[in-house]
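Worksheet for the structure shown next.
Number of protein chains: 2
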Amino acid sequence: MGMGRPREFDAELALDQAMEVFWRHGYEGATIAQLTEAMGINPPSLYACFGNKEGLLKAALDRYTKLRNIWMEEVVAAPTARAVAERMLMGIADKQTDPANPPGCLLVQGGIACGSGSENVPFELAARRAQNEDQLRDRFVRAKAEGDLKPTSDPAALARYVSAVSVGMGVMASSGADREALRQVASVAVQAVEAQSADKT
Amino acid sequence: MGMGRPREFDAELALDQAMEVFWRHGYEGATIAQLTEAMGINPPSLYACFGNKEGLLKAALDRYTKLRNIWMEEVVAAPTARAVAERMLMGIADKQTDPANPPGCLLVQGGIACGSGSENVPFELAARRAQNEDQLRDRFVRAKAEGDLKPTSDPAALARYVSAVSVGMGVMASSGADREALRQVASVAVQAVEAQSADKT
DNA sequence: CCACATCTGTAGTGAACACTACATATCTGG
DNA sequence: CCAGATATGTAGTGTTCACTACAGATGTGG
């Protein structure tokens, strides 16, 4: 029994192209024709490799969140809660306006509302956003334990807040906000975290 | 020359139903079949009255923003910048989790990313969100002139910030966040505005 | 070289989509 | 009561969609 004809395209490279299409047009707005053209393959190759359109999205999300989680590790490595928030939001301002990618964030652009038959796509994206929120929460719990955040602060609420701001920035970026505008938002947003930080005296 | 057969349905009532469908499924996810069923009419009536699907969306957005602007007037009537932010974000936490409506905000759920042929839909929504941001900015400009906000504060950045937070809250609401979670976000977010407020001594 | 397994390109499939032709119904103005 | 104008319901239109049948190509194990 043989092992069959080998694949002629690089799956990860193709995923990068598919990611960009989903990022720009959303799950429902992206068509198989656009995806296959961007990936440089024909539909049967796509379906053999990823199952269906939703499978392709999940694979693209896996790749996206994998890279993103590596970056989040650097973010939560910042020394204080305030520095974590600043590093995250300023970094997001830069990433979401990086001309190498479509504006905004795939976890938002992918699909906030979907039609019948794709109802679980928004949930899928929300679940991935929640992962980042959990990382932030864990970091803020630690900050509170270390006395970096006030004893009255709520780490989970702070994490939700930072997550909400980053989502809002993503929407703004996708509708044309430039880097400076996003940095201003980040700069203001950080002050709420600072207000929850213990006084340095 | 006669005036023709009168319309048999209430256009504003039908718009309310269409609004809910767009709100729940987004522009691309909403089908004409769903819309006509919810509106209780047949396709020719829809097209005679609203032109096409995008015309129906714009009419629904007009209605939505009209009601919203009335509420925004109440928001900016609050006595201080901090109170404005609090009234707005707390109100949004309640509105976006009102069981009478789909969760989130139509100006976000309507469509952040769209496929080819509907590229201007996200712009249309962004333009309406920008209206609210402008109202906030004007209010914060006044607050700065009144000495309510610090001389170093940036009213435009503050308005962008509050707008970004409300968008982020909308996305969270649509993916299942409950009222209490949103209120916590709002509560934290207000502290950034407070940090830009002049000291009360 | 052969049996088998997997991939690839061509060329479609049925279904769902936004939208409409048309006949009929219901109004106003004269 | 008639002529013109607009609305309505039925029943479609062509197009685009996600997805696939099939035949040929390209690999492995014996």
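Just so you know, the protein sequences line up as chains L and Z, in that order. Once you know that position 163 of the first sequence is 162 in numbering that gives the first Met the number 0, the rest is easy, because the numbers rise by one and skip nothing. Once you know that position 110 of the second sequence is 109 in numbering that gives the first Met the number 0, the rest is easy, because the numbers rise by one and skip nothing. Note that the Cβ used here is the ideal one computed from N, Cα and C, for glycine as well. Since this is a predicted model, take the numbers as computed values, not measurements.
Contacts with chain Z (Cβ-Cβ distance below 9 Å) from the stretch 120–136 of chain L involve 121, 122, 124, 125, 126, 128, 129, listed in chain order. Under a 10 Å Cβ-count criterion, residue 143/L is classified as buried, with 16 or more other Cβ atoms of the shown protein chains found around its own Cβ. Inclusion of residue 191/L and residue 188/Z in the CB contact set at 7 Å is warranted, their separation being smaller than that value. For residue 194/Z, the closest Cβ of chain L is nearer than 7 Å. With its beta carbon less than 7 Å from one in chain L, residue 25/Z belongs to the interface. Of all residues in the stretch 158–173 of chain Z, the ones placed with a Cβ closer than 8 Å to any Cβ belonging to chain L are 159, 160, 162, 163, 164, 165, 166, 167, 168, 170, 171, 173, in chain order. Judged by DSSP in its simplified three-state form, residue 174/Z adopts coil rather than helix or strand. In the DSSP assignment, residue 60/L falls within the unbroken alpha helix (DSSP H) covering 52–75. Per the coordinates, the alpha-carbon of residue 137/Z lies some 31 Å from the alpha-carbon of residue 101/L. Of the other Cβ atoms in all chains shown, 16 or more fall within 10 Å of the Cβ of residue 171/Z; this residue is therefore buried. The beta carbon of residue 180/L lies closer than 8 Å to those of 171 in the same chain, with the five residues before and after it left out. With its beta carbon less than 7 Å from one in chain L, residue 113/Z belongs to the interface. Within the DSSP secondary-structure output, residue 196/L pairs in a beta bridge with 148/L. Below the 7 Å Cβ cutoff, chain Z contributes 153, 156, 159 as neighbours of residue 183/L, in chain order.
At the C-beta level, residue 156/Z and residue 183/L come within 7 Å of one another. What residue 187/L touches in chain Z, judged by beta-carbon distance under 7 Å, is 156, 157, 160, 191, going in chain order.
The shortest CA-to-CA distance from residue 111/Z to any of 21/Z, 12/Z, 30/Z, 5/Z is the one to 21/Z. Following the DSSP letters along the chain, one finds residue 49/Z inside the alpha helix (DSSP H) bounded by residues 42–49. By the rule that beta-carbons nearer than 7 Å mark a contact, residue 90/Z does not touch chain L. Look at residue 95/Z: its C-beta is not under 7 Å from any C-beta on chain L.
The C-alpha of residue 46/L is placed about 42 Å away from the C-alpha of residue 85/L. Excluding five sequence positions before and after residue 193/L, the CB atoms of its chain that fall closer than 6 Å to its own CB belong to 81, given in chain order. For residue 140/L against residue 154/L, the beta-carbon gap comes to about 5 Å, under 8 Å, which counts as contact.
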